[in-house]
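Accompanying notes for the structure given below.
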Amino acid sequence: MTDSTTRFQQLLDEIDSTPWGPHEQALTAEAVALAQELGDEQLEYQARMRQTASANMGGLTDVMLNSFAWCLAHHDADPQRFPLDIDNGAADLMWQFKWMAATLRASPAFSSEQIAGVLDDMEAHYRRAGIGMSGVLTARFEDAWASGRIDEAERLRGLLETTPRDDYSHCDACGRSQNAGFFAATERDEQAIRLVEEMIEGGFSCGEEPEHALSRVLLPYLRTGRLDDARSAHLRSYRLAKDNPDNLGIVANNLVFAAVTGNEARALSLVERHLPWLAHDPLNVDGHFAMLSAIAFALDRVAAVGHGEATVRGADAAGLESFFGDREGGWTASALAAAASAAADRIGAEFDERDGSDWHAQRRARMQALAGARWDVPIRSDAFAVETPSAQPQDAEGWYERAVALASYGSERDALAAADRVGELPDAERRARLLGLRIGAHTSLAEWAAAEALLPLRGAALREAGRPEQAELEARRGLALYGRGDVGDHAALEQEWADAAGLPSWSRGDVALTLASLRLRGDDPVGAAELTEHAAVCFAEAGDARLVAASRMLRAMSCVAQGEIEQAQELLESLLADEDLDPGQRARLLEVRARLHGGAGRLEEGAVDADVAAGVLTSLGAVSALADAQMLAGALWDDAGHPDQAVPRYRAGIRLMRERDGDVSGAEFRLGRAMLAAGHAAEAAELLGDVLQREESSGASAASRAMTASVLGRALAAAEEYGQAMGAYGYAAELHAEAEEPAEQALVLTEQAKILARFGEHTDARRLLEQAADLVRPTDAVGAIVEVLHNLGQSYGGVRDERAFELFDEVRALAVEHEADWLIADVTDSRGRALIEFDRIDEAIAALLTAADGFAAIGDAGAAGGSELLAARTLAGADRLDDAVPLYRSVLDRAAGFPQLRQVGALELGDVLEKLGRTGDAAQVRALLDE
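Position in the sequence shown (first residue = 1) + 168 = this note's numbering.
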């Protein structure tokens, strides 16, 4: 008994420290079950009070209603043993009463009389407990609004404003969100926006806030022309709401926003992602109504931009049949739009019948009235697939050539699919070749039984074609001739090659080429290269140009394995110059050359080759291979510093990977990082958050999760979501520690320190930087050491701590050692800024001008101008105006390509000249501002 009681208390402690979600819900259910097993109703009350709150946050309406009813009955029977408040946050019976009427209101299965009874019971309990009426009025206001009694709702809202607040009033976040939603629903956009902006500026938040409030003012922002604010609100609202299935209404609002802002591809993606939520809570029928209405509207917009035939993935799930019905062959966007619209109309009619109003019909009409509205608010998170299908071959000959090309590239699945379209070939030679292609593809895929089954047919075709020697060779060696690497295969082919003098040229070439491949796989590139020369000669004698090219391709691979890159490059150039080269071989060679370019630092050339290879594969219909080509092109453009070019290629690759059920987490990490580099921080944060969740679920290593969390932190900081960025960086630091990566942990702590410093928390920032320095110093990660010590030096300099200069010296020494000229200039600039804090003006000016010269020497005129501008300002601030003038003029000379620097320099120089009495010169300089 004692053990069970101890376990129960442990469960409560764990529940109270676990965020809302499935794990916390499971813990709560376990606590309830354990209390029942113990037969202790007071313990069960403790657990059920928590369960009511948990179920409310998780959208488990039936659990919430049952748990609340049990607790209320026990409280009413014995208030002393079962008190209203158990001092555990939302585990307060009268607070939970506020959720009940709205919960019943959300399903037409409950009558208006039942809802009114709950409200009356709530008021009676409040009065009996001596609680103010704010919570009751709030519940009555929500009920009137939800049922369409708008005049009554307006009256109650006014009464609520004049009622004193108490412990059961809505919090600052929820109260503003509720009123903002009412104002938006009654076309008072400016008032709705004002309330939400008050919430954001005040930093108010709650369980589903600010994401709910932000979703409520998306359309008001659009209608009032504040498109940038609408975009920011959408991205933040959706990112915060997307993981809780109880947030159906919030997601519905965001879905409509995507549909009316030209983001139809994003809308389709959101529909596919959140369709399962419809089946989450069968009693949240009003949420179903909102979501179905939004789905219908969004998919109509998808159809309107030409994608009505797009398949909506997941719509055929069994759990959704009650909404959409059964359908053969999956759901298209157009078909699902019609089904969702019908379901929304049916549900809306049930609500209106119960409520005696047409409020849900009005809501449908208002949404449908948006059909002609459009605001241009581009969000670069999703795009429709740009279909560039290859021209389908029209006959057996065409399919035969395609199968050969796909096999030549190495796209086995696609080659087999094309071979299936060829049909019967009357020509025995071609039939044998196609059978060999099939056997080779099955062997590469390790489908041994399928490959073995075709060998007799291949032998018969070879004999019919007059090639009995090849048939006998394959009968002897079987799948070894197709690249199988079983024990004995390699030795068997070595023996076959030693005895190959009596074989026909093509058969000798076949043995040589297969054996060369095995040698290369066995880490013998020299031996492989020798055999490729023999193979090429043999195939040339046999008149098989395709296999001559294949032999030379393998020769190039052998050169790469030996480090003979220039020779490999020459072979590739020679092969690609052949206009008659098989297209599959051309695509493979282009990919190889792209990788060689990338390895040599010729990233843009490599990216162009990868793009061309992708184009060839597209023309061949090589769906299986195209994903890898697109990802290669994306990576090369990314590494070349063109993330805007990388993003669409990554996206295309990911779409193709999904079609074959591939793991896209790594690819989406690269996409998110590229989106961040391209300036799409909020979209990157949304994607990287999803990647991190998948990594958590799949048990990815701490190091992998740390990298994702770190980049997520960068994205959130760039999106000015600094609180969430701090959390992401904090989690990344924990994971780096778990993975024993001190340098990476130090860098993450440095990023946290930068955010703290931004908000004036300099003491806490320094503490983090000192911790980071202790972590990074014992490592050999020079880049991390420099970053941490430089930032710590700047922090010390800001508070006149002499330790700053020791750190700057240390950073400069490392920069000199590694010939990092820009860093030398940068740390010299930091020294100058620190010297200003110490009032050592002459030394500061000298350091800043030295930094400016250093920046200028490496071509960074903007940084040079920045250092010089600070030097000029410092002199002007010290009343050394004459000395400042030439520095300001130098700033203007450097600022030709930097309009903002030029503007600031001209403005400040004009003021200095004015103070010197040189009004004519001042006017001349200020005239630059008008240029």
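Heads up, the beta-carbon is just placed ideally off N, CA and C, and yes, glycines get one too.
{"query": "Inter-residue spacing [alpha-carbon to alpha-carbon] between L671 and D712", "result": "16 Å"}
{"query": "Buried or exposed by the 16-neighbour rule on C-beta atoms within 10 Å, applied to S461", "result": "buried"}
{"query": "For M894 and A933, the rounded distance between their alpha carbons", "result": "12 Å"}
{"query": "Closest Cα partner of E192 within the set S280, A221, Y213 and L884", "result": "A221"}
{"query": "Minimum C-alpha distance to Q1071 - residue among D1007, A1095 and W616", "result": "A1095"}
{"query": "Bridge-paired residues (DSSP) for C374", "result": "E377"}
{"query": "Chain-order list of residues whose beta-carbon lies under 6 Å from that of V1059 (same chain, five-residue window excluded)", "result": "G1033, E1036, L1037 and G1073"}
{"query": "Residues that D253 bridges to, as DSSP identifies them", "result": "D260"}
{"query": "Three-state secondary structure assigned by DSSP to T918", "result": "helix"}
{"query": "Test item: CB-CB of A1044 and V1080 under 8 Å", "result": "yes"}
{"query": "T196 burial status per 10 Å Cβ neighbour count (16 or more: buried)", "result": "buried"}
{"query": "For T1018, the three-state DSSP class (helix, strand or coil)", "result": "helix"}
{"query": "Local conformation of T479 per DSSP, three classes", "result": "strand"}
{"query": "Local conformation of A1095 per DSSP, three classes", "result": "helix"}
{"query": "Residue range of the alpha helix (DSSP H) that includes A852", "result": "A849 to S866"}
{"query": "Identified DSSP bridge partners for T500", "result": "T479"}
{"query": "Reduced DSSP secondary structure (H/G/I, E/B, other) of H338", "result": "coil"}
{"query": "Residue span of the alpha helix (DSSP H) that contains N422, given as start and end", "result": "L416 to V428"}
{"query": "Option nearest L395 by Cα separation, candidates G497, E365, M290 and V545", "result": "V545"}
{"query": "P594 burial status per 10 Å Cβ neighbour count (16 or more: buried)", "result": "exposed"}
{"query": "Closest by C-alpha distance to P247, when choosing among S302, M262 and M843", "result": "M262"}
{"query": "Alpha helix (DSSP H) segments (min. 4 residues) lying fully within the region 525 to 580", "result": "527 to 536 and 564 to 577"}
{"query": "Neighbour-count burial assignment, L800, 16 or more Cβ in a 10 Å radius", "result": "buried"}
{"query": "The region 744 to 758 contacting the region 567 to 578, beta-carbon criterion three pairs below 8 Å", "result": "yes"}
{"query": "Whole-angstrom C-beta distance between A512 and R532, which should lie under 8 Å", "result": "6 Å"}
{"query": "Boundaries of the alpha helix (DSSP H) in which V1080 is found, first to last residue", "result": "P1067 to K1083"}
{"query": "Delimiting residues of the alpha helix (DSSP H) encompassing Q219", "result": "E209 to G226"}
{"query": "Cβ-Cβ distance between I1009 and T1042 below 8 Å", "result": "yes"}
{"query": "Same chain, Cβ closer than 8 Å to A905, neighbours up to 5 away in sequence not counted", "result": "Q913"}
{"query": "Span of the alpha helix (DSSP H), counted from its first residue to its last, around W238", "result": "T229 to A245"}
{"query": "E369 classed as buried or exposed, judged by whether at least 16 other C-beta atoms fall within 10 angstroms", "result": "exposed"}
{"query": "Residue interval of the alpha helix (DSSP H) (run including A808)", "result": "Note, A808: premise wrong, no alpha helix (DSSP H); not H, not E."}
{"query": "E496 beta carbon near the ligand NAP (any heavy atom closer than 7 Å)", "result": "As for the ligand NAP, it is missing from this structure, which has no ligand bound."}
{"query": "Exposure label - H986; buried when at least 16 CB within 10 Å", "result": "exposed"}
{"query": "Burial state of A921 (16 or more Cβ within 10 Å)", "result": "buried"}
{"query": "Reference V944; option with closest CA among R723, A551 and L917", "result": "L917"}
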